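Below is one structure, written out as structure tokens; the observations come after it.
There are 2 protein chains.
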Amino acid sequence: MMKLDELLKRRGKTIEKDKGDHVFMQGEADKSLYHVGSGLLKAYYTSEEGKEFIKSFLLPGDLIGSMTSVVSEGNCSFSLVCLESTSLVRIPFEVLQERSRHDLEIANAMIELLIHLSMKKEKREFELLCLSAEERFGRLLKSTPILLERVTQNDLARYLGITPAGLSRIKKRMYSKGSQGTLQAHPLKRSRLS
Amino acid sequence: MMKLDELLKRRGKTIEKDKGDHVFMQGEADKSLYHVGSGLLKAYYTSEEGKEFIKSFLLPGDLIGSMTSVVSEGNCSFSLVCLESTSLVRIPFEVLQERSRHDLEIANAMIELLIHLSMKKEKREFELLCLSAEERFGRLLKSTPILLERVTQNDLARYLGITPAGLSRIKKRMYSKGSQGTLQAHPLKRSRLS
DNA sequence: CATCATTTTTAACCCAGGTTAATGAACGCC
DNA sequence: GGCGTTCATTAACCTGGGTTAAAAATGATG
Numbered sequence: 001m002m003k004l005d006e007l008l009k010r011r012g013k014t015i016e017k018d019k020g021d022h023v024f025m026q027g028e029a030d031k032s033l034y035h036v037g038s039g040l041l042k043a044y045y046t047s048e049e050g051k052e053f054i055k056s057f058l059l060p061g062d063l064i065g066s067m068t069s070v071v072s073e074g075n076c077s078f079s080l081v082c083l084e085s086t087s088l089v090r091i092p093f094e095v096l097q098e099r100s101r102h103d104l105e106i107a108n109a110m111i112e113l114l115i116h117l118s119m120k121k122e123k124r125e126f127e128l129l130c131l132s133a134e135e136r137f138g139r140l141l142k143s144t145p146i147l148l149e150r151v152t153q154n155d156l157a158r159y160l161g162i163t164p165a166g167l168s169r170i171k172k173r174m175y176s177k178g179s180q181g182t183l184q185a186h187p188l189k190r191s192r193l194s
Numbered sequence: 195m196m197k198l199d200e201l202l203k204r205r206g207k208t209i210e211k212d213k214g215d216h217v218f219m220q221g222e223a224d225k226s227l228y229h230v231g232s233g234l235l236k237a238y239y240t241s242e243e244g245k246e247f248i249k250s251f252l253l254p255g256d257l258i259g260s261m262t263s264v265v266s267e268g269n270c271s272f273s274l275v276c277l278e279s280t281s282l283v284r285i286p287f288e289v290l291q292e293r294s295r296h297d298l299e300i301a302n303a304m305i306e307l308l309i310h311l312s313m314k315k316e317k318r319e320f321e322l323l324c325l326s327a328e329e330r331f332g333r334l335l336k337s338t339p340i341l342l343e344r345v346t347q348n349d350l351a352r353y354l355g356i357t358p359a360g361l362s363r364i365k366k367r368m369y370s371k372g373s374q375g376t377l378q379a380h381p382l383k384r385s386r387l388s
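Sequence order for the protein chains is A and B.
Read left to right, the first sequence gives residues 1 to 194 (my numbering).
Read left to right, the second sequence gives residues 195 to 388 (my numbering).
This is how it looks when you write it as structure tokens:
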């Protein structure tokens, strides 16, 4: 992992983006690994009807690749856009691959990396398959409460696999359960961002 | 990939299982890679309330690992059970890891393998997040129609993220649409297995 | 601070799919 | 060939969440 950081530093290029800028878009041919330095991004699918489905949010330290795409013959299966001004490091996947081919340490760092990314996907798959939207929201509340203050309710809902109206109802349900029940203090305060 | 096959042959152990036998169960500490030689298996999560959610079906040629688990501190996050009598090759993940550490070719085969597995997860994630149960069923119908004749409607439904009753309704809906519409010949014939 | 744009919440209505329980097919076995 | 078992379908009822559109809250701006 040390070695991979080093490689990223030596061969990667730092990219600075503003809020709203895309890093890449669904359908493009980009195959790279990105390391988030600062800011906030969202990775999302766009359906044929133009609907948006959010795959994940990315925070500093996170890694995301456009190389495990499978839809449309190997082009990017999703888009990556900045929700805040963001700095990230990009390294083409070919570089990683080429270096892996004659550097054992790099290859093993890649293995570790891929396992790490796989575990994240596995977790997401589990949540989508096994949990209700309300349970997914509850988990997010515990694991990454920061997100609630930085993404819109619309994005939050699209990440949970529901619509903003649906999310509002869930919050209300949770609050009323919580107030006469055991938990939850204030009504998950409603406020806008930016 | 050649090298990995070879390693599997040399260091892997062949396992023969009967219908109903488990290869490993959720919560166990097993960390291995399995290669399916023949038969049919299902990988599934069991929720706290005891409900079953099917992660995937495995056919000959498929690979599945118990090493990218993330739930419960690294133990298996799901169970693997045979739906038919099955033959598979098991290789402990430590062996792969250990060999990767001093064999460049093996390490690169592992990278390729992990990317392949990641792509499958990515596809599943996409389907669960972006498609309706009916659309998921439609895709399965096209990509792996064989499954329809070899798994129960219950399992099929649990794979699609719905209940058997729900699946029946979807079939009926599709059939009636199809008959006065454009496609679908016979009512997706109803018959049992085994 | 009044207005405007944006985001969030609500409400009304609808539909997909859950739940439960009953009914129907197929199969295996005396 | 009758019987029990297992699996699949159906029906009745209910709930979560979609859809649309309106209302309320917030933030930005002159």
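Glycine included, each C-beta is placed from N, C-alpha and C at the ideal position.
These numbers were taken from a predicted model, which means no experiment stands behind them.
Output the boundary residues of the beta strand (DSSP E) element that contains B:Glu210. 207-211
Residues bridged to A:Pro200 by DSSP?
Only positions 1 to 194 of chain A appear in this structure, which leaves residue 200 of chain A out of reach.
For this session: With distances taken Cα to Cα, identify the nearest neighbour of A:Lys51 among A:Leu167, A:Lys13, A:Glu135, A:Phe78.
Result: A:Phe78
Practice prompt. Identify the contact partners of B:Gly244 in chain A, using a Cβ-Cβ distance below 8 angstroms as the criterion.
Written response: The contacting residues do not exist; B:Gly244 stays about 12 angstroms from chain A at best.
query: Looking at the C-beta of B:Leu274, does it have a partner C-beta in chain A at a distance below 8 angstroms?
result: no
Excluding the 5 residues flanking B:Ser250 on each side, which residues of the same chain have their C-beta closer than 6 angstroms to its C-beta? Correct list, in chain order: Ala237.
Next item on the list: Output, in chain order, the set of chain A residues within a Cβ distance shorter than 7 angstroms of B:Tyr355.
Entry: Note that residue 355 of chain B is Gly in the sequence shown, not Tyr. Chain A residues near B:Gly355: Leu129.
>> I'd like to confirm the pairing. Which residues does DSSP put opposite B:Cys276 in its beta bridges?
In response: In the DSSP output, where bridge partners are listed per residue, B:Cys276 has B:Leu235.
With a threshold of 16 other CB atoms inside 10 Å of the CB of B:Ser260, please say whether the residue is buried or exposed.
buried
Can the beta-carbon of B:Leu198 be found closer than 8 angstroms to that of B:Leu307? yes
Practice item. Tell me, please, whether the CB atom of B:Arg318 is closer than 8 angstroms to any CB atom in chain A? Key: yes
- Query: For A:Ser132, which of A:Gly161, A:Leu80, A:Thr86, A:Cys76 has the nearest alpha-carbon?
  - Reply: Residue A:Gly161 is the option with its Cα nearest to A:Ser132.
Check your understanding: From B:Ala223, B:Ser232, B:Gln220, B:Glu222, pick the residue whose C-alpha is nearest to that of B:Thr208; which is it?
Key -> B:Ser232
What does the alpha-carbon distance come out to for the pair A:Ile64 and A:Ile111? 15 angstroms
Best match in A:Ile170, A:Cys130, A:Phe137 for proximity to B:Tyr353 [C-alpha to C-alpha]:
A:Cys130
With B:Lys211 and B:Cys276 assumed to form a contact (beta carbons below 8 angstroms), what rounded beta-carbon distance in angstroms separates them?
5 angstroms
Q) Mind checking whether B:Pro339 and B:Asn348 have CB atoms under 8 angstroms apart? A) no
Buried or exposed (CB count within 10 angstroms, at least 16 for buried), A:Glu125: A:Glu125 comes out buried.
B:Lys249 lies in the beta strand (DSSP E); which residues open and close that run? 246-252
| message | Going by the DSSP bridge assignment, what does A:Gly65 pair with across the sheet? | response | Here A:Gly65 is bridged, per DSSP, to A:Leu33.
Check: Is A:Ser132 helix, strand or coil by DSSP?
Finding: coil
Quick check on DSSP: helix, strand or coil for A:Val23? strand
Interface residues of chain B facing A:Leu114 [CB-CB closer than 8 angstroms] = Ile305, Leu308, Ile309, Ser312
Worksheet item: Using a C-beta to C-beta distance shorter than 8 angstroms, which residues of chain A count as neighbours of B:His296?
Response: Leu104
### Query
Is B:Met368 helix, strand or coil when you go by DSSP?
helix
Just verifying my parser: in three-state terms, what is the DSSP assignment at A:Arg192?
coil
* Got a sec, what are the start and stop residues for the alpha helix (DSSP H) A:Val95 sits in? -> 93-102
CA nearest to the CA of A:Gly219, picked from A:Lys120, A:Glu49, A:Ile91
Shown here, chain A extends from 1 to 194; a query on residue 219 of chain A therefore has no answer.
Task: Strand pairing of B:Leu282, partner residues [DSSP] - done: Beta-bridge pairing links B:Leu282 to B:Ile209, B:Val230.
With 16 other Cβ atoms within 10 Å as the buried cut-off, status of A:Lys177
When all chains shown are included, A:Lys177 counts as exposed.
Query - B:Leu341: first and last residue of the uninterrupted alpha helix (DSSP H) it sits in - result: 340-344
Inset, instruction - For A:Met2, decide whether its Cβ has a neighbour in chain B, counting only Cβ atoms nearer than 8 angstroms. - result: Answer no: the Cβ-Cβ gap between A:Met2 and chain B never drops below 8 angstroms.
Would you kindly check if the distance between the Cβ of B:Glu222 and the Cβ of B:Cys270 is under 8 angstroms? yes
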